[in-house]
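Asks: The letter at position 239 of the sequence shown is residue 584 when you use our numbering, and the numbering goes up by one with no holes.
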Amino acid sequence: DKMMSERALLKERYQEVLDKQRQVENQLQVQLKQLQQRREEEMKNHQEILKAIQDVTIKREETKKKMEKEKKEFLQKEQDLKAEIEKLCEKGRRQLWEMELDKLKNQHNEINRNILEETERAWKAEILSLESRKELLVLKLEEAEKEAELHLTYLKSAPPTLETMRPKQEWEMRLNRIRMTKESVRDQFNDHIQMVRNGTKLSSLPQIPTPTLPPPPSETDFMLTAFQPSPSLTPRLPFPIGPVPVPMVMPSADPRALSFPLLNPAISRPNQPSPPLPASQGRNSPVVASLIGTHSPHMTPAASIPPPPGLGGVKVTPEFPRPQPADKLEKLLEKLLARFPQCNKAQLTNILQQIKTARRTMAGLTMEELNQLVAAKLAEQQERGPLSRIRAPMFSAPLPQISTPMFLPPAQVAYPGTASHSPAACKLCLMCQKLVQPGDLHPMACSHVLHKECIKFWAQTNTNDTCPFCPSLK
Numbered sequence: 346d347k348m349m350s351e352r353a354l355l356k357e358r359y360q361e362v363l364d365k366q367r368q369v370e371n372q373l374q375v376q377l378k379q380l381q382q383r384r385e386e387e388m389k390n391h392q393e394i395l396k397a398i399q400d401v402t403i404k405r406e407e408t409k410k411k412m413e414k415e416k417k418e419f420l421q422k423e424q425d426l427k428a429e430i431e432k433l434c435e436k437g438r439r440q441l442w443e444m445e446l447d448k449l450k451n452q453h454n455e456i457n458r459n460i461l462e463e464t465e466r467a468w469k470a471e472i473l474s475l476e477s478r479k480e481l482l483v484l485k486l487e488e489a490e491k492e493a494e495l496h497l498t499y500l501k502s503a504p505p506t507l508e509t510m511r512p513k514q515e516w517e518m519r520l521n522r523i524r525m526t527k528e529s530v531r532d533q534f535n536d537h538i539q540m541v542r543n544g545t546k547l548s549s550l551p552q553i554p555t556p557t558l559p560p561p562p563s564e565t566d567f568m569l570t571a572f573q574p575s576p577s578l579t580p581r582l583p584f585p586i587g588p589v590p591v592p593m594v595m596p597s598a599d600p601r602a603l604s605f606p607l608l609n610p611a612i613s614r615p616n617q618p619s620p621p622l623p624a625s626q627g628r629n630s631p632v633v634a635s636l637i638g639t640h641s642p643h644m645t646p647a648a649s650i651p652p653p654p655g656l657g658g659v660k661v662t663p664e665f666p667r668p669q670p671a672d673k674l675e676k677l678l679e680k681l682l683a684r685f686p687q688c689n690k691a692q693l694t695n696i697l698q699q700i701k702t703a704r705r706t707m708a709g710l711t712m713e714e715l716n717q718l719v720a721a722k723l724a725e726q727q728e729r730g731p732l733s734r735i736r737a738p739m740f741s742a743p744l745p746q747i748s749t750p751m752f753l754p755p756a757q758v759a760y761p762g763t764a765s766h767s768p769a770a771c772k773l774c775l776m777c778q779k780l781v782q783p784g785d786l787h788p789m790a791c792s793h794v795l796h797k798e799c800i801k802f803w804a805q806t807n808t809n810d811t812c813p814f815c816p817s818l819k
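1) Report, in whole angstroms, the separation of the C-beta atoms of R519 and P562, which I expect to be a contact under 8 Å.
2) In terms of alpha-carbon separation, which member of L449, L775, Q805 lies closest to H793?
3) Which partner residues of H496 appear in the DSSP bridge assignment?
4) From which residue to which residue does the alpha helix (DSSP H) around M525 run?
5) Using beta-carbon positions only, say whether L697 and L677 come within less than 9 Å of one another.
6) Assign E464 to buried or exposed, taking buried as 16 or more other Cβ atoms, counted over all protein chains shown, within 10 Å of its Cβ.
7) Look at the alpha carbon of T408 and the alpha carbon of R384, and state the distance between them as a whole number of angstroms.
8) Would K797 and L780 be called neighbours here (beta carbons separated by less than 9 Å)?
9) What's the gap between the Cα of E370 and the Cα of K378?
10) State yes or no: is the C-beta of A489 within less than 9 Å of the C-beta of I456?
11) Starting from L897, trace the alpha helix (DSSP H) both ways and give me its first and last residue.
12) Assuming contact is defined by CB atoms lying nearer than 9 Å, are L475 and L558 in contact in what I supplied?
13) At the level of alpha carbons, what is the spacing between K347 and R358?
14) Could you pull out every residue in the same chain whose Cβ sits closer than 7 Å to the Cβ of T509, ignoring the five residues on either side in sequence?
15) List, from N- to C-terminal side, the beta strand (DSSP E) runs of 3 residues or more that fit wholly inside the region 396-473.
16) Tell me the rounded alpha-carbon separation between Q292 and F685.
17) Under 9 Å, do L710 and C688 count as touching if we go by C-beta distance?
18) Exposed or buried, what is P590 when buried is set at 16 or more other beta-carbons lying within 10 Å of its beta-carbon?
19) What is the C-beta distance between V541 and K479, in whole angstroms, given that I count them as a contact (C-beta under 8 Å)?
20) According to DSSP, which residues form a beta bridge with H796?
21) Distance, Cα to Cα, F802 vs A703?
22) What is the C-beta distance between T526 and L486, in whole angstroms, given that I count them as a contact (C-beta under 8 Å)?
23) Return the residue from the list Q533, D532, F534, K491 that minimises the CA-CA distance to W516.
24) Beta-carbon separation of I553 and Q533 under 9 Å?
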């Protein structure tokens, strides 16, 4: 019984266990199904997630590639922009350099042009200096030559005697020496001028010495008596003229615009008529030119001397004897009397003589310039009193050493009867030949008178303040 009861109990327990197992199995089956379903769902979700991850990865790769491509493009654009900026900067710098280079080239060309102009001006001035000195020396030699020819003409016309043979030989020797000296001077100056034209500096050339001539042969008694004054041959002039001296060159600021009045000086003798003065080289006034015409039919014409090369437009023509109306001087005096009523005809005639003597010629004066010169002379006379008349010497002096400056015009050379310290307001400028007022006077170490405006360019290019007209500085 006990066994059966235990067996029945065990069966009951076994049945309970089986029921419980079945229940657990059922639960497990349900859970398993749920888990499988969940697993499937999870797998499905996982697949979806994997697909999404794959899509994102692909998209990321595409985006990465796109970004790399854009980055490369941006880098290329940046490099292109940098290169463009560098090109623009280089172009700007090059343009700036080209502008500066053009400016420097223009300055260089301007400086070269100024140098060429200054070199040409200095070259022309040096040639003009040599030409003027050559003409001055040749004129003095021609004066001595004419003096010798005059003596020889008289000696040849006189009967041949022992008294005339020796002077004739001496004068012939003197004439030959003068002609040889004149040719030598011309050759020396022409050689110097040609060398200067070829580029040689004038300062490097040797100074051509002033030729000296021995004193003329002594006059014999019969020659002195033959040269006594003859009142019948004395020309009737409105005022005494005196010997015709050698003119000087009147330089201008531009050498091409220079007038070069060259006179052929004749020998003034008491028994020989005074030679006519040549016509004006520049501006001719019909009123003033009447004073320099031929006043006597016995006068001989002055020979024409060609101007130096490079001075175009300057014509020197020989003047032939012409009858001069007697009322020309009267008309000029009437005009001067109307301008200066405080003077009489005698005073004005004396002043005209002084002006002619100071300038060596009245050619080239206009009426206005003549009025200025007369006013200046009147001012001088009020300060210093009337001037003495100039007497003509018996014979021309022998060829002297040139002690006055080569370019000193006649208005600056002291003449007899006039004090050398005349006021600066009454002196003429060496360049423009106009009166220099004290306020316009340029201070010079020498005695030359120049306007400040006339010498301004020379003073700017010559810092040592030298005088352009002193021959010692050439």
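Backbone N, C-alpha and C define an ideal beta-carbon position, used for all residues, glycine too.
Replies: Considering the structure as presented:
1) Taking the sequence shown and counting its residues from 1, one reaches residue 519 at position 174. Taking the sequence shown and counting its residues from 1, one reaches residue 562 at position 217. Between P562 and R519 the Cβ distance is about 7 Å, and since that is below 8 Å, they are a contact.
2) Translated into the one-based positions of the sequence shown, residue 793 becomes position 448. Minimum Cα distance to H793 is reached at L775.
3) Position 151 of the sequence shown holds residue 496. According to DSSP, which records beta bridges pairwise, H496 is partnered with nothing at all.
4) For the purposes of this step, residue 525 is taken as the residue at position 180 of the sequence shown. Per DSSP, M525 belongs to the alpha helix (DSSP H) from 507-542.
5) The residue labelled residue 697 in the question sits at position 352 within the sequence shown. The residue labelled residue 677 in the question sits at position 332 within the sequence shown. In this structure, L697 lies near L677, with their beta-carbon atoms less than 9 Å apart.
6) By one-based count along the sequence shown, residue 464 stands at place 119. In the sequence under discussion, the amino acid at residue 464 is Thr, which differs from the Glu named in the question. Counting every other CB atom within 10 Å of its CB across the protein chains shown gives T464 a total below 16, marking it as exposed.
7) Locating residue 408 in the sequence shown gives position 63, counting from the first residue. Locating residue 384 in the sequence shown gives position 39, counting from the first residue. Cα to Cα, T408 sits roughly 34 Å from R384.
8) Against the sequence shown, residue 797 aligns to sequence position 452. Against the sequence shown, residue 780 aligns to sequence position 435. Their beta carbons are not under 9 Å apart, which means K797 does not touch L780 by this criterion.
9) Along the sequence shown, one-based indexing puts residue 370 at 25. Along the sequence shown, one-based indexing puts residue 378 at 33. Roughly 12 Å separates the two Cα atoms.
10) What you label residue 489 is simply residue 144 of the sequence shown in a count that begins at 1. What you label residue 456 is simply residue 111 of the sequence shown in a count that begins at 1. No, these two residues do not count as a Cβ contact at 9 Å.
11) What is shown of the chain runs 346 to 819, which leaves residue 897 out entirely.
12) The residue given as residue 475 occupies position 130 in the sequence shown. The residue given as residue 558 occupies position 213 in the sequence shown. Against a cut-off of 9 Å, the Cβ pair of L558 and L475 comes out as no contact.
13) Residue 347 sits at position 2 when you count from the first residue of the sequence shown. Residue 358 sits at position 13 when you count from the first residue of the sequence shown. The straight-line gap separating the alpha-carbon atoms of K347 and R358 is approximately 16 Å.
14) Sequence index remark: in the sequence shown, residue 509 carries index 164 (1-based). The answer, listed in chain order, is L500, A503.
15) You should have found no qualifying run.
16) Limits of the chain in this structure are 346 at one end and 819 at the other, which puts residue 292 out of reach.
17) In the sequence shown, counting from the first residue as 1, residue 710 sits at position 365. In the sequence shown, counting from the first residue as 1, residue 688 sits at position 343. The criterion of a C-beta distance shorter than 9 Å is not satisfied by L710 and C688.
18) Position 245 of the sequence shown, counting from 1, holds the residue named residue 590. For P590, the predicted model reports a pLDDT of 37, less than 50, meaning its position is unreliable; a value from the coordinates is still stated below. P590 is buried by the Cβ-count criterion.
19) Counting from one through the sequence shown, the residue named residue 541 turns up at place 196. Counting from one through the sequence shown, the residue named residue 479 turns up at place 134. Not really, about 12 Å apart at Cβ, beyond 8 Å.
20) The sequence position of residue 796 within the sequence shown is 451, counting from 1. The partner list for H796 (beta bridge, DSSP) reads L786.
21) Here residue 802 is taken as the residue at index 457 of the sequence shown, counted from 1. Here residue 703 is taken as the residue at index 358 of the sequence shown, counted from 1. Cα to Cα, the separation comes out at about 28 Å.
22) Against the sequence shown, residue 526 aligns to sequence position 181. Against the sequence shown, residue 486 aligns to sequence position 141. Right, their Cβ atoms sit about 6 Å apart.
23) For the purposes of this step, residue 516 is taken as residue 171 along the sequence shown, with counting starting at 1. Among Q533, D532, F534, K491, the Cα nearest to that of W516 belongs to K491.
24) As a position in the sequence shown, residue 553 is number 208, starting the count at 1. As a position in the sequence shown, residue 533 is number 188, starting the count at 1. Yes; because the gap between Cβ atoms is below 9 Å, this pair is in contact.
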